[in-house]
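So the sequence shown is residues 1167 to 1298, counted in the numbering used here. Beta carbons: idealized from backbone N, C-alpha and C, even for Gly. Small disclaimer: the values here were computed from a predicted structure and weren't measured. Have a look at the structure below before the remarks.
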Amino acid sequence: MGNEPVTACEANPNGSLELNFSFNNGTNNVPIIDVSTKDAENLEANIVDDSIYCKIRQSIAPENNTLPDLKKPYQVLFARGPRQENGRLQVHGSAAVSPKLSTFSLPPPQPLVEFSRDAVHPLYPERTKPST
């Protein structure tokens, strides 16, 4: 492992959750700072039964070139583990399977417009006014 982008939902000592990005340079985890909400945002986050749940939106083709280009194929790896005192992620364990990490789903892509045989209708008609 090494030389790959990391998307992390992290629990802070005060119990709050945050979305962070980093890059694994070998076993050294290097944080990526100042990620725009155009590139990614945390939509929902909870801690339930000692497990973290995060629902995020991440751009397929981010403006920040240090984030992964999701148009390319990636292997998804889920990991859990502690952070260092400086806030960086520590090297996670090497267990092959963790039952707490077994639920993963991607919603289908959401279209920006609805198509019909007659015309293209915006999903947000209140934002557009027809010309008269």
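Beta-bridge partners of Leu1183 (DSSP): Ala1177. Ser1182 and Thr1232 have their C-alpha atoms spaced approximately 25 angstroms apart.
In the DSSP assignment, no residue is bridged to Pro1239. By the neighbour-count criterion, in which a residue is buried when 16 or more other Cβ atoms sit within 10 angstroms of its Cβ, Ser1188 is buried. If you draw a 10 Å sphere on the C-beta of Val1201, you find 16 or more other C-beta atoms in it, and that means buried. 8 angstroms or more divides the Cβ of Ser1225 from the Cβ of Ala1245. For the segment 1190-1241, the full-length beta strand (DSSP E) segments reaching 3 residues or more read 1194-1198, 1206-1214, 1217-1224 along the chain. Its Cα nearest to that of Asn1186, the residue Glu1176 stands out among Glu1229, Glu1176, Asn1194.
Beta-bridge analysis with DSSP links Arg1249 to Leu1255. With respect to Asn1208, Asn1191 sits apart: the two C-beta atoms are not nearer than 8 angstroms. Under a 10 Å Cβ-count criterion, Asn1195 is classified as buried, with 16 or more other Cβ atoms of the shown protein chains found around its own Cβ.
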